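Protein chains in written order, with our numbering: chain H, 8 to 110; chain G, 8 to 110. We put the CB at the ideal spot given by N, CA and C, even for glycine. Computed from a predicted structure; not experimentally measured. Read through the structure below, which is laid out as structure tokens, and then see the notes.
Protein chains: 2
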Amino acid sequence: METKNVLDALSALAQETRLEIFRTLVRHAPSGQKPGELSEALSLAPATLSFHLKELSHAGLVDVEQQGRCLIYTANLAAMTGLVGYLTENCCGGNNCTPQSPC
Amino acid sequence: METKNVLDALSALAQETRLEIFRTLVRHAPSGQKPGELSEALSLAPATLSFHLKELSHAGLVDVEQQGRCLIYTANLAAMTGLVGYLTENCCGGNNCTPQSPC
DNA sequence: TTTATAATTCTATAATTATGGAAATATGGA
DNA sequence: TCCATATTTCCATAATTATAGAATTATAAA
Numbered sequence: 008m009e010t011k012n013v014l015d016a017l018s019a020l021a022q023e024t025r026l027e028i029f030r031t032l033v034r035h036a037p038s039g040q041k042p043g044e045l046s047e048a049l050s051l052a053p054a055t056l057s058f059h060l061k062e063l064s065h066a067g068l069v070d071v072e073q074q075g076r077c078l079i080y081t082a083n084l085a086a087m088t089g090l091v092g093y094l095t096e097n098c099c100g101g102n103n104c105t106p107q108s109p110c
Numbered sequence: 008m009e010t011k012n013v014l015d016a017l018s019a020l021a022q023e024t025r026l027e028i029f030r031t032l033v034r035h036a037p038s039g040q041k042p043g044e045l046s047e048a049l050s051l052a053p054a055t056l057s058f059h060l061k062e063l064s065h066a067g068l069v070d071v072e073q074q075g076r077c078l079i080y081t082a083n084l085a086a087m088t089g090l091v092g093y094l095t096e097n098c099c100g101g102n103n104c105t106p107q108s109p110c
């Protein structure tokens, strides 16, 4: 994963509301959720939710798919894997730093 | 790692200059570096560097130690391990999502 | 004790980001 | 076509964050 993408992903996740949205989507993977459900579940104004979903989407952390008049947002787990990979590689100068084998 | 700490760590790293500072400190672990060295190496105004080091420090990602009139900053690799652990656990609903065994 | 150096804190300014109401867009059904 | 619903975009405002010059603090050496 490129440093630019890593920065985008980190700043997307570095916000309470967005981290919560992302975690919710992860729990609902792989089927995803509609904005209406998320808005209801997290008590967010539609415009606010839409703003944050766009941020997550631009960062490549969520995907959108249209189904009729609804949209389905899903967590992009591959992007998260890439982020974790980058952090792992840059965390101990190339050594493994995952919880399984801490540095 | 607590969600609050995760948010602090993510926003600390979600900034180009700070990610660069942190990566530099990781490459110089475990001996660490003085602000003067970092300021020189990364071409940062002392006040700007100090601001970012404080952010990283508040997020628990770097440690400081005083040596005479100098300070030594070191990357806190355990904190990074904790962050990676949190992301891993919240990335696939508890399943392993590290690069070694992608989801 | 005086001076030079290391680094931080203070401060003002600029830039970015978040929030949510209102308007706009788009889809499906009556 | 017309209407109801889902969602986004536009916009203004508020809040947060970044930058760097100037002043301050602290240490060590002369």
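**Message:** Please report the straight-line C-alpha distance between Gln74/H and Phe58/H, rounded to a whole angstrom.
**Reply:** Gln74/H and Phe58/H have their C-alpha atoms some 20 Å from each other.
**Prompt:** Do we get a CB-CB distance below 7 Å when we pair Arg30/H with the residues of chain G?
**Reply:** yes
**Prompt:** In three-state terms, what does DSSP make of Ser57/H?
**Reply:** helix
**Message:** Quick check on Glu9/H: does DSSP put it in helix, strand or coil?
**Reply:** coil
**Request:** Would you please state the rounded distance, in angstroms, between the beta carbons of Thr81/H and Pro37/H? I believe it to be under 8 Å.
**Result:** 6 Å
**Prompt:** CA-CA distance, Ser50/H and Ser64/G?
**Reply:** 33 Å
**Any C-beta of chain H under 7 Å from that of Val69/G** = no
**Message:** Any beta carbon of chain H sitting closer than 7 Å to that of Ser64/G?
**Reply:** no
**Asked** Between Glu23/G and Leu14/H, is the Cβ-Cβ spacing less than 7 Å?
**Response** Against a cut-off of 7 Å, the Cβ pair of Leu14/H and Glu23/G comes out as a contact.
**Request:** Indicate the three-state DSSP secondary structure (helix, strand or coil) for Leu78/G in the structure shown.
**Result:** strand
**Request:** For Val33/H, I'd like the list of residues in its chain whose CB is within less than 7 Å of its CB, leaving aside the five on either flank, ordered along the chain.
**Result:** Ala82, listed in sequence order.
**Prompt:** Could you give the distance in angstroms between the alpha-carbon of Ala21/G and the alpha-carbon of Cys77/G?
**Reply:** 27 Å
**Prompt:** Would you say Val69/H and Thr95/G are within 7 Å of each other, going by their C-beta atoms?
**Reply:** no
**Asked** If we cut at 7 Å on Cβ distances, does Leu94/G have a partner in chain H?
**Response** yes
**Message:** Can you find the residues in the same chain that come closer than 7 Å, C-beta to C-beta, to Ala86/H, ignoring five residues on each side of it along the sequence?
**Reply:** Ala16, Gly67 and Leu68
**Item:** Of the listed residues Pro53/G, Leu60/G, Thr88/G and Gln40/G, nearest to Leu26/G (C-alpha basis)
**Value:** Leu60/G
**Prompt:** Just the Cα atoms here: how many angstroms apart are Thr31/G and Ala52/G?
**Reply:** 17 Å
**Request:** State buried or exposed for Thr88/H, treating a residue as buried only when at least 16 other CB atoms are found within 10 Å of its CB.
**Result:** buried
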